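Take the sequence shown: its position 250, counting from 1, is numbered 388 in our numbering, and each next residue is one higher. We put the CB at the ideal spot given by N, CA and C, even for glycine. If you're wondering where the values come from, they're calculated on a predicted model, not measured in any experiment.
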Amino acid sequence: MNFNDTVKDSMLETFFPAGWDMVKIDECCSHQPEEIFERQSWWNKDFNPVQCDNLYDFDTYMGHEIAFQIKTARDKGEKLIFILPVGPMGMYRWAVYFLKQWNIKCDHLYCFNMDEWSDGEGNTLPANDPAAFQNAMEQAFYNPLGELTVPKSNRNFATKDNLPLYAGKIDALKAEGAKLVLVFGIGRACHIAFWEPHFAAEFSSVEEWKKQTYRIGAKLHPLTIEQNAITSFKSRTTLVPCRANTVGPGLFLQADYIIGGCDGAHTRGMQWQGMSLWMTLRYGPNPWIPSTFIPTLKGKLFFVKELAGPLSAECN
Numbered sequence: 139m140n141f142n143d144t145v146k147d148s149m150l151e152t153f154f155p156a157g158w159d160m161v162k163i164d165e166c167c168s169h170q171p172e173e174i175f176e177r178q179s180w181w182n183k184d185f186n187p188v189q190c191d192n193l194y195d196f197d198t199y200m201g202h203e204i205a206f207q208i209k210t211a212r213d214k215g216e217k218l219i220f221i222l223p224v225g226p227m228g229m230y231r232w233a234v235y236f237l238k239q240w241n242i243k244c245d246h247l248y249c250f251n252m253d254e255w256s257d258g259e260g261n262t263l264p265a266n267d268p269a270a271f272q273n274a275m276e277q278a279f280y281n282p283l284g285e286l287t288v289p290k291s292n293r294n295f296a297t298k299d300n301l302p303l304y305a306g307k308i309d310a311l312k313a314e315g316a317k318l319v320l321v322f323g324i325g326r327a328c329h330i331a332f333w334e335p336h337f338a339a340e341f342s343s344v345e346e347w348k349k350q351t352y353r354i355g356a357k358l359h360p361l362t363i364e365q366n367a368i369t370s371f372k373s374r375t376t377l378v379p380c381r382a383n384t385v386g387p388g389l390f391l392q393a394d395y396i397i398g399g400c401d402g403a404h405t406r407g408m409q410w411q412g413m414s415l416w417m418t419l420r421y422g423p424n425p426w427i428p429s430t431f432i433p434t435l436k437g438k439l440f441f442v443k444e445l446a447g448p449l450s451a452e453c454n
């Protein structure tokens with residue numbers, strides 16, 4: 139069966155982002171699990187994939203890495219900037235655990251949530267809404283830290299008024315010697331934050347694409363909407379917002395260090411993130427696949443072992 143013919147005979151031809159080379163993507167996914175560590179020419183010399191045997195190890199390792207960066211900066215007397223996601227989430231429990239064990243006060247930490255659900259004008263959910271990312275961060279990270287927590291003045295959320303100020307705030311902190319750490323998960327459509335692949339069509343060059351620091355009311359790709367229906371809305375697609383405010387590559391590609399995660403494995407061998415992981419590592423930097431720039435940065439990408447594959451057909 140010819141893969142190109144299969145695509146042309148289905149709705150997939152207009153469903154996937156126009157800039158995706160589906161044959162190349164299939165080749166990226168054809169490797170054996172042990173090949174996932176083979177370094178590619180465009181990888182940063184200090185970028186490393188880190189395999190986790192299961193979700194429990196994944197949450198612990200990522201949480202430790204976050205806490206260790208916070209502790210290291212504290213020990214040096216330096217300010218630290220974090221761009222933070224709501225997903226993965228299990229890592230925050232362990233970050234809190236280690237920070238409390240080490241008694242690390244977090245008033246040197248400046249946090250910027252990378253995105254938030256919105257409407258087309260950038261209006262976001264109330265901060266206490268169960269689906270709001272601000273609420274999720276407060277419940278998972280800020281509140282559990284207790285007296286050690288990040289001061290409210292150092293917490294930034296992606297509202298339509300505050301998001302445009304992120305770049306200036308981060309630049310000012312970096313001018314004072316602060317290190318920028320990006321924490322992220324990779325989307326099914328290979329987005330970072332909610333910076334979607336189809337945005338690439340709007341820019342005449344990679345350089346122009348890389349300058350974009352944010353977007354208000356970003357239109358989300360159907361793959362992103364369905365990913366979130368599965369992971370956050372108990373399969374109920376009708377509850378998932380179709381737009382979001384998000385940081386762009388002009389911010390996340392400026393990171394001095396990255397802590398990434400792929401944990402999209404479910405029961406009975408089912409998963410949604412294996413293809414996204416292999417595309418990220420093997421496709422090569424391309425604005426139509428935002429996560430492909432991740433290996434060009436210094437840091438670690440944690441992944442659950444089964445996502446490495448082999449990505450072959452299996453009935454469950």
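Assign residue i to one of three DSSP states: helix, strand, or coil.
i      : result
CYS244 : coil
TRP347 : helix
ASN273 : helix
GLN178 : coil
ASN300 : coil
GLN409 : strand
Assuming residue i and residue j are in contact, meaning their beta carbons sit under 8 angstroms apart, how far apart are those beta carbons, in whole angstroms?
i      : j      : result
PRO423 : PHE322 : The pair is not a contact, with the Cβ atoms about 16 angstroms apart (cut-off 8 angstroms).
TYR352 : TYR421 : Rounded, the Cβ-Cβ distance is 25 angstroms, inconsistent with contact.
LEU320 : ILE204 : Not confirmed; about 11 angstroms, so no contact.
LEU318 : ASP245 : So it is not a contact: roughly 18 angstroms between Cβ atoms.
PRO428 : PHE185 : Going by Cβ atoms, the distance from PRO428 to PHE185 rounds to 16 angstroms, so no, they are not a contact pair.
ASP267 : ALA331 : Between ALA331 and ASP267 the Cβ distance is about 19 angstroms, and since that is not below 8 angstroms, they are no contact.
PHE456 : ILE308 : Nothing can be reported for residue 456: it is not among the residues displayed for the chain, which extend from 139 to 454.
ILE219 : ALA316 : 5 angstroms
CYS380 : ILE363 : 6 angstroms
Taking residue i as part of the beta strand (DSSP E), name the residues at either end of that continuous run.
i      : result
GLN189 : 185 to 190
LYS317 : 317 to 323
In terms of DSSP beta bridges, what is residue i paired with?
i      : result
VAL161 : Note: VAL161 sits in no beta bridge, so no partner.
LYS357 : ARG381
PHE262 : Here residue 262 turns out to be Thr, not Phe, going by the sequence shown. According to DSSP, which records beta bridges pairwise, THR262 is partnered with SER256.
PHE441 : GLN189, CYS400
LEU222 : ASN251
ARG293 : CYS249
ASN424 : ILE427
ILE208 : DSSP, once it has assigned bridges, lists no residue as partnering ILE208.
ILE330 : TRP333
TYR395 : VAL319
Which residues mark the beginning and the end of the alpha helix (DSSP H) in which residue i is found?
i      : result
LEU361 : 360 to 370
LEU389 : 387 to 390
THR152 : 150 to 153
Only counting the same chain, and skipping five residues up and downstream in sequence, which positions put a Cβ closer than 7 angstroms to that of residue i?
i      : result
GLN107 : No information on residue 107 is available, as it lies outside the stretch 139 to 454 that the chain covers here.
ALA382 : ASP253, GLU254, TRP255, SER256, PHE332, ALA356, LEU358
PHE371 : LEU377, VAL378
Counting only the same chain and skipping the five closest in sequence on each side, list residues whose C-beta sits under 8 angstroms from that of residue i.
i      : result
THR430 : CYS328, MET417, THR418, TYR421, GLY422, PRO423, ASN424
LYS443 : PRO171, GLN189, CYS190, ASP191, ASN192
Near residue i, which residues of its chain fall below 6 angstroms by C-beta distance, leaving aside the five closest residues on each side in sequence?
i      : result
LEU415 : CYS400, PHE441, LEU445
Does chain C have any CB closer than 8 angstroms to the CB of residue i?
i      : result
GLU346 : Of the protein chains in this structure there is only one, and it is not chain C.
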